[in-house]
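Only one structure is covered here, and it is reproduced in the block below.
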Amino acid sequence: MNSVTAQDHSWIRTSQLIRHMRESGYTLTLIRGRSPREVLHAVEAEPRGIGEGTAGLVEADDAHRAETGYDYWDESYVAGAFSAPGGNGDWTVVLGFDGGLGLPRVETLSEGGRVVVHSSNGGKPIHLFHWFEDGELRTTFEGPSARDGSTPDELVPLLRAVGFPLTPEGEHDESAPDVDGKAAVFALAERLTGVRVTESFLRDATYELGLVPEQPAEEWTGLVIDITDANGERLYKEWTYAEIAEASERARAAADAPVVITYNDPSPMDLSAREPGE
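Laid out in structure tokens, this is it:
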């Protein structure tokens, strides 16, 4: 059994490549049972040739951004995919410097297989992990003690084994030693895929390149504000889409209404009460 831990991925602390990935925002996706070409076709990526190593991938992505005029709002990006051996067959590894947006259609790509994803948005930053199995999101988290998915607790033994400070029940363990969370995620991904990711593994690969298009915005149904201040006071408010639309319509109507200015003229009694000359 693979016994890799966060310590085995301590190399990321001094890796220039990982530093670039974290600063620019990245998504690393591992997909079992699908070829690189099949994956890029499934996400409707426009073929962009071959990139030799991450240098070729970065060059292709930079060229695309120059084509868009470095439009900050353009969320398309060039992804690179290659095949690698792992647990229960071959896997496709997809790397994108995408700001942590994530590869689209991963649930579909996991049907009949498995997909493991980890990412960083390069900003706050937000680090996310996702495990899909046969078309289902089984476990996802930003912090390992706050998990979601159809089986959020199934990975607790593995999370503890790779070094995350958790109790057997999956709660944060204050007495456990600190761990490099990103190194632990690399270890977790390796345990779930059997694919050993190293700097040279990513740096020296030959990537099949594809331009991943912008994804349509998801429809939203409501808005929730849930804030707890430093004193433990919680503000929770939820609005439906209909309520927000009605409030917006009222505000729009008020803004479009004509402005009426009135003057309060003095009454005759007030005028008669004034002294002459006033």
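Numbering follows my numbering, in which position 213 of the sequence shown is assigned residue number 210; successive positions increment by one, without gaps.
Cβ coordinates follow ideal geometry from the N, Cα and C atoms, glycine included.
- For Arg157 against Gly146, the beta-carbon gap comes to about 17 Å, at or over 8 Å, which does not count as contact.
- Counting only the Cα atoms, Arg231 lies some 37 Å from Ala254.
- One thing to note: Val90 has its Cβ within 8 Å of the Cβ of Leu27.
- In the three-state reduction of the DSSP assignment, Lys179 falls in the helix class, which pools H, G and I.
- Taking the C-beta atoms as reference points, Arg29 is found nearer than 8 Å to Trp88.
- Taking 8 Å as the cut-off, the beta carbon of Ala184 is found no closer than this to the beta carbon of Val153.
- In the three-state reduction of the DSSP assignment, Asp59 falls in the helix class, which pools H, G and I.
- Contact check for Ala39 and Ala76: beta-carbon distance about 12 Å, past the 8 Å limit, so the pair fails to qualify.
- 8 Å or more divides the Cβ of Leu37 from the Cβ of Leu199.
- DSSP places Ala158 outside any beta strand (DSSP E); the residue lies instead in the alpha helix (DSSP H), whose first and last residues are Val153 to Val159.
- For the 8 Å CB-CB criterion, Arg34 and Glu139 do not form a contact.
- Within the model, the alpha-carbon separation for Glu240 versus Ala251 is close to 17 Å.
- With a cutoff of 8 Å on beta-carbon distance, Arg19 and Pro122 are scored as near each other.
- When the Cα atoms are used, Ser116 and Leu25 turn out to be separated by approximately 6 Å.
- Rounded to whole angstroms, the Cβ separation of Phe94 and Ala202 is 15 Å, and the two are not in contact under 8 Å.
- In the DSSP assignment, Ile123 falls outside any alpha helix (DSSP H), carrying neither H nor E.
- Judged by DSSP in its simplified three-state form, Gly66 adopts coil rather than helix or strand.
- Distances from the alpha-carbon of Asp71 to those of Gln212, Pro174 and His17 put Gln212 closest.
- For Glu49, the uninterrupted beta strand (DSSP E) run begins and ends at Glu43 to Glu49, by DSSP.
- Spatial neighbours of Leu163 in its own chain (CB-CB distance under 7 Å, excluding positions within 5 residues in sequence) are listed in chain order as Pro141, Ser142, Val153, Leu156, Arg157, His169 and Asp170.
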